[in-house]
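Chains as they are written, first to last, in the working numbering: chain A, 1 to 347; chain B, 1001 to 1347.
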DNA sequence: GACCTCCGATGAAACGATTTAGGCACGGAC
DNA sequence: GTCCGTGCCTAAATCGTTTCATCGGAGGTC
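What follows is the structure in C-alpha cells.
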C-alpha cells in the first residue's frame, strides 16, 4: 500500500512547481498571473491548467515583499459593538471594494494598548494605509506612522494640527440642533447626558448644547450636565436613576444624550420606572443608529451620515496613497436632526 | 542648499541598514529580534539603539515568507451590523490576544461573492487559520481551504460532514424553550416569524417551535409561520403589518421571532400601531443582544453564550493549528431563555 | 539569401527577513 | 605550548514572487 507522500504538511505549490508542470519558465507563469496579454493563448491555458491541477495559491507575502506594496487597507475601530462604527466601516468597505483593495477591520475596544498593538502589526504588514477612530487623537504613535510612510486618515475625530486627513461631523452644530429642538418644544430645564469629558465628541456636543441654551437667553444652571463613565446603554440607565433622584423642582423635563446608546438606556429606565416619554421626559439621542428608530418609543436623534463618513475617509486615504501631490484635507459633515416620538408625542 | 535625499518615498530601513548603523552583521540584528538571549548585552543595546534611530519596522512579508507562517487569524463575519456577531468576534479576539496572534475581521455582509473574495485573499495571505460564519456552510470553497492547508472553524453554523471543527448553539432546543414559554403563559395561537428557510438557524428554531407545539398537543395550523426575506429590523416591522392584516379570529396572541432584530421591529410596529405588548401580542426574540434588554418593553429572548462561542471557536482553531494529533470536534452550546416584560407583563 | 522586426518565452537578480554552519578570540586545563 | 570549550558573531543560503535584459524563431522585405 502506498504511503501518502509528505503526509505532514503538504506545503502548497509555488510558481516554480507550476512552471515545471506546465513546461514553461518561471517568468512565464508570473506573466500569466500579472500580464496575461503578453502570453500566447495556448501557453496561458497550459499554465492555468497546471495551476488548477496543483491547487496553486499565490503567496501574498512573497508578492508584496517583491513589489513593496500590499493590496489592503485597515480600519481600526474604536468599538465594534457600536452600530455607528460598523456603519462607518461599511462605507469604508464599499470604497475599498470599488478600488479593488481588501479591508481589514481591527477593534481597539477603546483600549490604547490594543490599539497600539494593532497599529504596530499593521505597519509591519505594510498595509497601504490606515483609517482609524483613535482612542486619543493626539497619540504620538499616529505621527510616527506618518513619518514612517504609512498614510493615516482620522475618522470621526479631529486633530489640531493638519498632518492628517480627517473626516468628522460638526458636533457643536449637532449639539445645537438637539437643544434648539427641545427649546422650541417649550422645555425650560434640560439635562445633557454626556460621557467622559476626555472624549472630544462629548465636549463638542455639550458645547453646542450650551451655545443654543445661552442664545435662547435661558439661565445656565437650568442646563443640567450629567457625566457618565462611558457612552453605553448601562450608563444611560444609571443616568436615569440619577434624574429620578432629583427633586421635582430641579428635575429636567427633557434630556439630550451624547449618543443613542445612552439615550436608549435612559429611555428604558424612564419607562420601566413608570414614567412616560415624552410626557415626563423628552429624549434626544445622537447618531441615529438603526435601533433608535426601532425603539418602542422611536427616538429623536441627531443623524450623522455614517456611511458617507466612511466612504469619504476611504477616498481621502486612496487619494493620499495614489497622488503624490495630495494635500491633507479636513472634511466636516453636517448633522441633521431626525424628530420622532420621543420628543413629539403628546405630553 | 541640501536636497532631502530620496524625497519621494523614504522606504523604511531594513535589517541591513540597522546592521550597518550598529556595526554588526545582519544575523546579529535578527538575533536581537528573535533570540535576544544569544546576544551580549552591549551589542544588543547598540542594535536596539540603531533600530530606534532609523525607525526600523520589521517587514512582516519578508518574515512570513521566510518562516512560512504568519501571526494572524481571521474571522469572516456574516453581518458586522448585527451585535450578535460582534460579540462573537470579541470572544474570538480575547482568545487570539491571549495566544499572541492578531485577528483580522472581515465582513461578508451575507454576500457569497464578498465572502469568496475575502477567503481567497486570506488564503493568499497565509493566515494561520480562518473562523467563519458562512453564507452557506456547504460551500465547496471551504473544503478547498482545508485541502490546501488552511484550517477552518465554522462558527454558529453546523455542517453534515465533520472535516471541520464547528461551534454552534442548539437551535432546536432554543426554539423549544421559546415556544414552551409561550404555551406555559397560556397562548393558543402563536406566530413563528422566521427569516428565509435557506438559513439553517431559521429552520432549526422553527423545528424546535413545532416540536414544542406538537408535544403540547396543539393543532399545527395554530402555529402560524411567517417567512421574512431577511432577519432585520425592517422585516420585523413588515411582519407586524402582516399580522395586523389577519382577522381577529386567526390573529396570534404571541410571536416567536428567529432573532432579536426581527423581534425589535415587530415590537416597534405593534406599539406604534396602538396595540400593547404583551397585552395584544407577546413577543419572544432570539440572541438576547444588548438592545433586547434595553428596548422600552424589555424583550424576552433566548440567550446564546455569544462570547463563549467565539472563544471556544478560537481555541479549537488554535488547537488545530498547534497540535498535529488534533481531532475535529463539533461543540454545541445550550441556549437559555431570559424572560422579560414582553411576555411577562400584565395582559 | 541576408537582414530586420516583432512576439513570446527565458533566466537571473532582486525584495528583506531567518537560519545554519561555521570562525575567531579568549581562557583554562593538562 | 597545545588543545579544547565556550560565547559571540559572521557569511551565505533560502523562502516565492516580480521584473528586466536578453534570446530565439517565424515571417516579411529587399
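Note that CB positions come from ideal geometry on N, CA and C, so glycine has one too.
Alpha-carbon spacing of residue i relative to residue j, whole angstroms
| i | j | result |
| --- | --- | --- |
| residue 1057 (chain B) | residue 1013 (chain B) | 7 Å |
| residue 1008 (chain B) | residue 242 (chain A) | Residue placement at residue 1008 (chain B) is poorly supported in this model, since its pLDDT is 43, which falls under 50; the coordinates still yield a value, given next. Using only the alpha carbons, I get a separation of about 58 Å. |
| residue 321 (chain A) | residue 154 (chain A) | 15 Å |
| residue 47 (chain A) | residue 38 (chain A) | 13 Å |
| residue 96 (chain A) | residue 103 (chain A) | 7 Å |
| residue 255 (chain A) | residue 282 (chain A) | 6 Å |
| residue 1304 (chain B) | residue 1336 (chain B) | 7 Å |
| residue 1334 (chain B) | residue 1169 (chain B) | 6 Å |
| residue 156 (chain A) | residue 232 (chain A) | 18 Å |
| residue 1338 (chain B) | residue 1236 (chain B) | 20 Å |
| residue 1099 (chain B) | residue 1127 (chain B) | 14 Å |
| residue 1078 (chain B) | residue 1340 (chain B) | 28 Å |
| residue 199 (chain A) | residue 289 (chain A) | 19 Å |
| residue 1184 (chain B) | residue 1266 (chain B) | 22 Å |
| residue 202 (chain A) | residue 275 (chain A) | 27 Å |
| residue 1330 (chain B) | residue 1193 (chain B) | 28 Å |
| residue 1034 (chain B) | residue 323 (chain A) | 37 Å |
| residue 71 (chain A) | residue 216 (chain A) | 53 Å |
| residue 1218 (chain B) | residue 1257 (chain B) | 19 Å |
| residue 238 (chain A) | residue 270 (chain A) | 10 Å |
| residue 1108 (chain B) | residue 1344 (chain B) | 37 Å |
| residue 230 (chain A) | residue 247 (chain A) | 25 Å |
| residue 1277 (chain B) | residue 73 (chain A) | 46 Å |
| residue 222 (chain A) | residue 151 (chain A) | 45 Å |
| residue 112 (chain A) | residue 121 (chain A) | 14 Å |
| residue 1082 (chain B) | residue 83 (chain A) | 8 Å |
Residues near residue i in its chain [Cβ-Cβ closer than 6 Å; skip 5 each side]
| i | result |
| --- | --- |
| residue 292 (chain A) | 260, 285, 299 and 301 |
| residue 1180 (chain B) | 1212 |
Own chain, CB closer than 7 Å to residue i, minus 5 neighbours either side, in chain order
| i | result |
| --- | --- |
| residue 141 (chain A) | 116 and 119 |
| residue 251 (chain A) | 243 |
| residue 43 (chain A) | 24 and 28 |
| residue 1089 (chain B) | 1075, 1077, 1105 and 1310 |
| residue 85 (chain A) | 77, 78, 79 and 133 |
| residue 1064 (chain B) | 1070 and 1126 |
Assumed close pair residue i, residue j - CB separation to whole angstroms, cut-off 8 Å
| i | j | result |
| --- | --- | --- |
| residue 62 (chain A) | residue 18 (chain A) | Not really, about 13 Å apart at Cβ, beyond 8 Å. |
| residue 125 (chain A) | residue 1060 (chain B) | 5 Å |
| residue 110 (chain A) | residue 135 (chain A) | 6 Å |
| residue 166 (chain A) | residue 196 (chain A) | Actually they do not touch by this definition, with Cβ atoms about 21 Å apart. |
| residue 313 (chain A) | residue 130 (chain A) | The pair is not a contact, with the Cβ atoms about 11 Å apart (cut-off 8 Å). |
| residue 296 (chain A) | residue 1296 (chain B) | 3 Å |
| residue 1224 (chain B) | residue 1191 (chain B) | 5 Å |
Element boundaries [alpha helix (DSSP H), containing residue i]
| i | result |
| --- | --- |
| residue 115 (chain A) | 112-125 |
| residue 1061 (chain B) | 1060-1067 |
| residue 31 (chain A) | 26-34 |
| residue 176 (chain A) | 171-184 |
| residue 268 (chain A) | 260-272 |
| residue 1109 (chain B) | First-last for residue 1109 (chain B): undefined, no H or E at that position. |
| residue 155 (chain A) | No alpha helix (DSSP H) holds residue 155 (chain A); the beta strand (DSSP E) holding it covers 152-155. |
| residue 1039 (chain B) | Element bounds for residue 1039 (chain B): n/a, residue is neither H nor E. |
| residue 333 (chain A) | Unbroken run through residue 333 (chain A) is the beta strand (DSSP E), 330-333; no alpha helix (DSSP H). |
Sequence-distant residues of the same chain with beta carbon closer than 8 Å to residue i, five excluded per side
| i | result |
| --- | --- |
| residue 1163 (chain B) | 1143, 1146 and 1328 |
| residue 1214 (chain B) | 1220 |
| residue 172 (chain A) | 204, 205, 207, 208 and 211 |
| residue 1069 (chain B) | 1126 and 1128 |
| residue 1326 (chain B) | 1319 and 1320 |
| residue 1137 (chain B) | 1154, 1157, 1158, 1159 and 1200 |
| residue 1041 (chain B) | none |
Boundaries of the beta strand (DSSP E) in which residue i is found, first to last residue
| i | result |
| --- | --- |
| residue 194 (chain A) | 190-194 |
| residue 1254 (chain B) | 1254-1257 |
Residue i Cβ short of 6 Å to the ligand ADP heavy atom set
| i | result |
| --- | --- |
| residue 311 (chain A) | Only the bare structure without any ligand can be found here, which leaves the ligand ADP out of the picture. |
Where the stretch 79-92 of chain A meets chain B: residues whose CB sits under 8 Å from a CB there: 80, 81, 83, 86, 87, 89 and 90
Short-range partners of chain B found in the stretch 96-119 of chain A, where Cβ spacing is below 8 Å: 97, 102, 103, 104, 105, 106, 107, 109, 114, 117 and 118
Near-chain B residues of the stretch 290-320 of chain A - C-beta to any C-beta below 9 Å: 290, 291, 293, 294, 295, 296, 297 and 298
Short-range partners of chain B found in the stretch 119-130 of chain A, where Cβ spacing is below 9 Å: 120, 121, 122, 123, 124, 125 and 126
Chain-ordered residues of the stretch 1012-1041 of chain B with a beta carbon less than 7 Å from chain A: 1012
Residues from the stretch 61-75 of chain A in contact with chain B, defined by Cβ distance under 7 Å: 61, 62, 64 and 65
Chain A contacts made by the stretch 1138-1167 of chain B, where a contact means CB separation under 8 Å: 1144, 1147, 1148 and 1149
Contacting positions in the stretch 264-275 of chain A - beta carbon closer than 8 Å to chain B: 264, 265, 267, 268, 271 and 272
Under 9 Å (Cβ pairs) to chain B, residues found in the stretch 231-247 of chain A: 232, 233, 234, 236 and 237
Contacting positions in the stretch 43-61 of chain A - beta carbon closer than 8 Å to chain B: 55, 57, 58, 59, 60 and 61
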